[in-house]
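S.K.: When we follow my numbering, the leftmost residue of the sequence shown carries the number 13, and every step to the right adds one. We put the beta carbon where it would ideally sit given N, CA and C, even for glycine. Treat the numbers as computed from the prediction; the structure is a model and nothing was measured. Can you keep this structure in mind? I'll have questions shortly.
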Amino acid sequence: MDQFCTEMESLHMDHVTECSLEQTGEQHSIKKPQCMRTENGECLLKQRAVNGGADIRCIERHETAVDGKSQRDYSERVVALGEPVQKPLSVSPFLVPVQNPISLISSSPTPSHYLFPAPCLSFPCSLFPFSSLQSSFNFSTMLVDSRLTLDVYSGGSYVLEILWKTVPGKLKEVLYLRMGSEDEEGLRRALDVLGHLSLLRSLAIRGHCLQDSLGNPLPGLLSSLPPSLSSLTQLTHLDLSFNRFTSLPPCLLSMPLLSILILSHNCLSSLPPKFGSLRSLTYFSAMGNQLCSLPPSLGQLEVLQTLDVSYNILESLPVETGALLRLQKLELSHNKLRELPETLNSLVDLRELLVNSNNLRTVPEFLSCLPELRRLDVGNNPIGRPTTPPPTLPAPVQTEADLPELHLAADQHCFFVSPAGCHVFLPRGAELLFPQRCVDAITQLEWAEKKPDRKWVWLEEHDYLLSWPLELRPHGVLFQKPVQVCIPYRRSSRREVFLRTFDDQSWKTLDTQTKRGSPKNSVRPKGRPAWLACCLVNHFSWFVAVSRPVRDSCFVSPEGTLLVSSVDPGIKLTFLPCCTLETRIVTLQVLQVELSVVRELSNDPQASVSPLLCLSQSPNLPFLQPVKVQVPLPPGLTGHTLDRSCLYLLHADPTCHTWMDITLQSSLHVTHLYAVFTITHFSWYWLWYTTQRCVSGVIRKVYQRLRQFHVQFLVLQRKADPQQVLLQCLPSNKVEKTVQCLSAQYYGPQPSDLCELLEGEQFFAGFEKGIDICTDRPDCVDGKLCFVFYSHLKNHKEVYICHNKREQESVSFYRGELPKDTPQEVVQKRKGPDSQWLTTLPLMLPGVKSDVGDMGTPQYPPLQLGDPENGYLTEANLLAISLRIGQDWLPIGINLGFSYEELDRIRYKHRDNLSALVLEILFHWARTRGEAGPGAIPELVKAMAVSGRRDLADEIEDIVHLGTRKYKLSLRRVGLNTEGLPAD
13 MDQFCTEMES LHMDHVTECS LEQTGEQHSI KKPQCMRTEN GECLLKQRAV NGGADIRCIE
73 RHETAVDGKS QRDYSERVVA LGEPVQKPLS VSPFLVPVQN PISLISSSPT PSHYLFPAPC
133 LSFPCSLFPF SSLQSSFNFS TMLVDSRLTL DVYSGGSYVL EILWKTVPGK LKEVLYLRMG
193 SEDEEGLRRA LDVLGHLSLL RSLAIRGHCL QDSLGNPLPG LLSSLPPSLS SLTQLTHLDL
253 SFNRFTSLPP CLLSMPLLSI LILSHNCLSS LPPKFGSLRS LTYFSAMGNQ LCSLPPSLGQ
313 LEVLQTLDVS YNILESLPVE TGALLRLQKL ELSHNKLREL PETLNSLVDL RELLVNSNNL
373 RTVPEFLSCL PELRRLDVGN NPIGRPTTPP PTLPAPVQTE ADLPELHLAA DQHCFFVSPA
433 GCHVFLPRGA ELLFPQRCVD AITQLEWAEK KPDRKWVWLE EHDYLLSWPL ELRPHGVLFQ
493 KPVQVCIPYR RSSRREVFLR TFDDQSWKTL DTQTKRGSPK NSVRPKGRPA WLACCLVNHF
553 SWFVAVSRPV RDSCFVSPEG TLLVSSVDPG IKLTFLPCCT LETRIVTLQV LQVELSVVRE
613 LSNDPQASVS PLLCLSQSPN LPFLQPVKVQ VPLPPGLTGH TLDRSCLYLL HADPTCHTWM
673 DITLQSSLHV THLYAVFTIT HFSWYWLWYT TQRCVSGVIR KVYQRLRQFH VQFLVLQRKA
733 DPQQVLLQCL PSNKVEKTVQ CLSAQYYGPQ PSDLCELLEG EQFFAGFEKG IDICTDRPDC
793 VDGKLCFVFY SHLKNHKEVY ICHNKREQES VSFYRGELPK DTPQEVVQKR KGPDSQWLTT
853 LPLMLPGVKS DVGDMGTPQY PPLQLGDPEN GYLTEANLLA ISLRIGQDWL PIGINLGFSY
913 EELDRIRYKH RDNLSALVLE ILFHWARTRG EAGPGAIPEL VKAMAVSGRR DLADEIEDIV
973 HLGTRKYKLS LRRVGLNTEG LPAD
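Right under this line is the structure:
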C-alpha cells in the first residue's frame, strides 16, 4: 500500500517533514515536497526521492462566480513527478497516493490541532495505520455537541486513537460514544483510550453496525473488556450487543451508576454471583444468549424496571425474582421454563409479562392478582397437555409446621439436614428453616456465635448492633433452595431492622422481613416469642442483625414526584417536573431529637429543633430544578408566635461533620405549622430555633450527643461466693430494672455516675494492686479486662478474684480506643490526664481468716497443671474455666474419668450450689493429675472438646500458648536460651 504526505499551502500539513512510501515491496524515503507556481497558475511539483518516484493523484478545487454567488467544484487526475498541474492561484492542490488515497479536504485555514468548529481536519499520514478508511472524513458529522459517532464508517474505531493523540483535552469532554466492533486491531487500540474518558455517560460498542459486500451484517469481535474501564464511574448506559462475550466483564461491577445494560446476542452462559451489586440498574437485556440460570443476587436490583432474558435456555427462575418490586416489564419468551415461581405475586408494579414459547403447562393463578398487569402473553406453550409419561402427583406443599423440628442445646454445634427438610431451633432464639429438597443428601452443618469485634463488624452512621454474629458453616456451601435464617432482636421504635452478611471480604445488607418467633423456642420470660429478622440465603456465612433509622425511598423521574416520610408525615419532598434528565433514587432518613437534651447543651430554655433530615441519592448529581422541602416547625412554635430572627436553617457535610448556617442563602418560607425551603443537592438539613448567636458550635455539641449513650457501671458480687464478681455496663435507662433482677443473687455498691460512650467503643476494667485475676484469658490486656460497648447487647463479664489481706478494694473503668469515625471534637474533648478514667467502684472481700466454708465454697491448695516449657494452667485459670462449665459438668466429668458413683456423691454434696459442684469436680481431677506433667492439659482439652465445649477447649489452648510464649521470652531476656524464639 502506498502512503504519502505532501506540503499544503493552507498550512494544514506544514508540520509533516518526512514519511515513507511503499511501492512494489521496496521502501522509499521521500523528503518534504516543494511546490513551484508558474505565471499561468500552474503548480510544478518536484520530488526528491532517494530511489525512484511515484505517480500522484492531484485533487484540485476550483472557485467560480455564477450570478454573484461563489461555487466550488473538484477535479482530480494522476500526474507524474515534475508534471505541471493547472489550478487557480487561490487554492493549493492536495496530493495523495494513487492506491488507496486519503483525501483530507478543508475549506478554512484552521490548524490541525483544533477540533472545534472546523468541519474537516487534516492529520499526518503516520497517524493512519489503516487502509479501509473512506476517502473523506467529515468530523463535524461524527461529533455533535458531546456525542461522538464512529459506528457509521469502516475502520471508525481507529479514529478514537487519532483524536486522543491530537486533541486529548476535547476528547475527554465526550459524554456519549458509539463505535463498531468489527475491526479487531482498531478495537484493541480504542479500548486502550476508553479508560481515560472518565466523564463518559453512554457507551455503545456493538457489532452488526456495518455490512459486507453482499449486504450481510458484520459480526462484532469484542469478547472482553480491560480492567481500566472500571474508571468509567459516571457511565449510566452501556450497550455491548452483537459481540462474543462468554462471561460478564468484571469491570462492569465497578460502575455504581450504571442504569441501562444491554448484552443482547452474545454467548453468555451465566451471570456472576455478585451481579446484584449493580444497584442502580433500571434496564437489563440479555436476549439471545445461552443463559441456563440466573443468579439469586438478581433480587438485589431494587430499582430494576425492565428485565429481558428472552431467547435463552432458562429452565427456572430464582425465587429472588419476586424481590424486584419495581419491575414493570418481564420478557421471558423463547426459553425452556416449566413453571413460574410463586414469589412473582409480589411484583405489584408489573405491567407486561411475556412468557410465550416456553414449556408451561399451567398458567399460575396468582397472575390474576397482579393489580397493574396489562399485557400477558402465554402463547405457544403446551398449556393443558399431559406430559409423557404422565407425571406423578405432586407432593403436598409443606409449611413450617409440617417440617421435622430439631432443638439444639448450647453444646450441640453440629447437626444434620436431610432432603426432607428441617426446622432448626438454636439456643439463643435463632431459627433455621430448611425446605424440602434443599440438599441432595444428608449434610452435616455447624453453627457458632461469637462476640462482636468492633474492628470487624461494619456499622454505618447511627446504626445499632442487635445480635452477636452468627456463623453458619461450612461457608459457601450452596443449597438447592433458599434457606431461611432468622435472628432474634429487641424491637426499637422508629427504626428498621435488617440483616447483614459477610462474604469473606466485606459486609452487605440483605433483604429482610420481621416476624414473631415460635413459642417453642422462646428465650424470653413467660414464654413470649421473640421478634425475628429473617432473610433467604443460598449459602452459609456470617450474619448479624442491625437497626438503623427508617429509610424512605422513591424514584424521581423527569415527570417529578412526591416523597412523604413514614416517620413524620409532615415531612415532604416535592420534585418538580424536569428536575432531572434521568431517573434516580432518593432516600430520606429522619432523626428525632429530645428537647431536654437540646436545651441542656445549648443553655437556652427557649431552644427547640425540628427533626434532623438525612437526604441521599443515587446518582449523586445536582438537580436541574430546586427541590421543595417541608418540615414541621420546632415543637412549641407556630408561624404567628416565633421570632424569625431566631430561626436558623443548618446544612452539614456528612463526611467531616461540619455545620453551616444557610438561612440567608435559602428561600425559607414559614406557614402556620411548617417551614418550607428549596435545595438543589442532597445532604443533612436541620431547622433550629434558639436565641444563641453562635449556632454552629451549639449544633455540633447536640449532634455529638445523638451518637453517645449515657451509661452506668455495675460491680456486683455473688452472695454465695463473694470471690465471683460481675462487671457490667449498660445504658442508664436499663440500670434500675437490671439491678432488681440481680438483687436476689448479687450484692454490691450503687451504680456509678453517668458516663458517655459511643456505639462500638472499647473500655477496660482494672483491679487495684493486690487483687489477682486470671490474666491469661484472651480478653485480658495489660492486666485489664477488655469490653466493647453495644447499646442493645449485654456488656458483662464474670471473673474470679483471689483473697487479699485488705478487706476493701476497688475496680476502675477506663476508656479504650475510639471508633474510627469519631468526630474530631469528641476526640479532642477526651484528651488530658484523666481522659481515660471513667469511674471507680468498691469491692468488699472477706479477710484471710474468713471461713470460706461458711459461704459454701471449699478451699483448695494452690496448684498448677503442666510445666513451664510446654505450658501450664494456674489456679486462677481453672477458676475462670469453671465459671463457664455450668450445666455441662456431667459429660465433662465423665470424659475426665470420673465414675457415675463419684459424680452422684459430688452432686448430692453440693446439690444447692452448682458453682461448688463444678469446682470440686475440676479441682479434684487437677489434684490427681498434678504430677502428670505436660500430659494433663491435652487430657483436659480433649475432655472439653468431646463434651461439645469446643469454646472452652480453644480457650485452654490459647492460655497455654500465651503462657509458654511468656516463659520463653523471659528466658530470652536473661540470656539463658534463645533457640526457636520469635524475633522482636
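#1: With the cut-off set at 7 Å, would you say L241 and C263 are in Cβ contact?
#2: If I'm right that Y686 touches L625 with Cβ under 8 Å, what's the distance once you round it to whole angstroms?
#3: Output the boundary residues of the alpha helix (DSSP H) element that contains Q752.
#4: Can you tell which of Q637, L511, K980 has the C-alpha that lies nearest to the C-alpha of P500?
#5: With C547 and K527 assumed to form a contact (beta carbons below 8 Å), what rounded beta-carbon distance in angstroms separates them?
#6: Could you check whether V549 and P481 sit closer than 7 Å to each other, using their CB atoms as the reference points?
#7: According to DSSP, is E364 part of a helix, a strand, or is it coil?
#8: At 3 residues or longer, what runs of the beta strand (DSSP E) sit wholly inside the segment 206-247?
#9: Buried or exposed for H922, going by 16 or more other Cβ atoms inside 10 Å?
#10: What whole-angstrom Cβ distance do C426 and E458 have, given they're in contact under 8 Å?
#11: Y802: which of Q637, K463, V568, L934 sits nearest, CA to CA?
#12: To the nearest angstrom, report how far apart S266 and Q246 are at their CA atoms.
#13: How far does the beta strand (DSSP E) with Y912 in it extend, from its first residue to its last?
#14: When we look at the beta-carbon of V747 and count the other beta-carbons within 10 Å, is it buried (16 or more) or exposed?
#15: Just reading off the alpha helix (DSSP H) that P950 is part of, what are its end residues?
#16: Just to confirm my understanding: we take H487, look at its own chain, exclude 5 residues before and 5 after, and list those with CB closer than 8 Å. What are they?
#17: Which word fits L593, buried or exposed, when buried means at least 16 other C-beta atoms lie within 10 angstroms of its C-beta?
#18: Express the C-alpha separation of S614 and R719 in angstroms, rounding to a whole number.
#19: With a Cβ-Cβ cutoff of 7 Å, do V641 and L603 count as a contact?
#20: Run through the DSSP bridge pairs and tell me what Q629 is partnered with.
#21: Could you check what DSSP says for C279 in three-state terms: helix, strand or coil?
#22: Identify which residue in Y188, L234, N228, L187 has its Cα closest to the Cα of R201.
#23: Tell me which same chain residues have a C-beta within less than 7 Å of the C-beta of H634, skipping the five on either side of it?
#24: Using the DSSP secondary-structure output, state which residues sit across from I499 in a beta bridge.
#25: Residues in the same chain with beta-carbon distance under 7 Å from S679, minus the five sequence neighbours each way, listed in chain order, please.
#26: Quick check: what's the CA-CA separation for H722 versus L742?
#27: Starting from the C-beta of K978, find all residues in its chain whose C-beta is less than 8 Å away, skip the five residues before and the five after it, and write them out in chain order.
#28: Which residues bound the beta strand (DSSP E) around W459?
#29: CA-CA distance, L490 and D452?
#30: Name the DSSP beta bridge partners of W700, please?
#31: Given a cut-off of 7 Å, decide if V436 and L415 are closer than it, judged by their beta-carbon atoms.
#32: In this structure, how does DSSP classify Y715 when only helix, strand and coil are distinguished?
#33: Give me the residue from S569, L365, D900, L575 with the minimum Cα distance to L319.
#34: Of all the options D389, K348, V953, S959, which has the alpha carbon lying nearest to the alpha carbon of I968?
#35: Could you tell me the alpha carbon to alpha carbon distance between S322 and R218, rounded to whole angstroms?
#36: Closest to F449 by C-alpha separation, out of E571, V495, E384, A460, would be which residue?
M.R.: Taking the structure as given:
#1: At the C-beta level, L241 and C263 come within 7 Å of one another.
#2: That pair is no contact at about 13 Å.
#3: 747-754
#4: L511
#5: Contact doesn't hold; Cβ gap of about 12 Å is too wide.
#6: The criterion of a C-beta distance shorter than 7 Å is not satisfied by P481 and V549.
#7: strand
#8: 214-218
#9: buried
#10: 5 Å
#11: K463
#12: 11 Å
#13: Element bounds for Y912: not the beta strand (DSSP E) but the alpha helix (DSSP H), 912-921.
#14: So V747 ends up on the buried side.
#15: Here the alpha helix (DSSP H) through P950 covers 948-958.
#16: D516, H551, F552, S553
#17: exposed
#18: The alpha-carbon atoms of R719 and S614 are separated by roughly 17 Å.
#19: no
#20: V598
#21: coil
#22: L234
#23: Strictly speaking, residue 634 in this sequence is Pro, with His absent from that position. Around P634: T692, H693.
#24: A545
#25: F689, T690
#26: 9 Å
#27: none
#28: 455-461
#29: 11 Å
#30: DSSP lists V621, Y660 as partners of W700.
#31: no
#32: DSSP places Y715 in helix when its eight states are reduced to three.
#33: L365
#34: Relative to the Cα of I968, the nearest Cα in the group D389, K348, V953, S959 belongs to V953.
#35: 19 Å
#36: In the sequence as presented, Phe is not what sits at residue 449; that position holds Arg. R449 has its Cα closest to that of V495, out of E571, V495, E384, A460.
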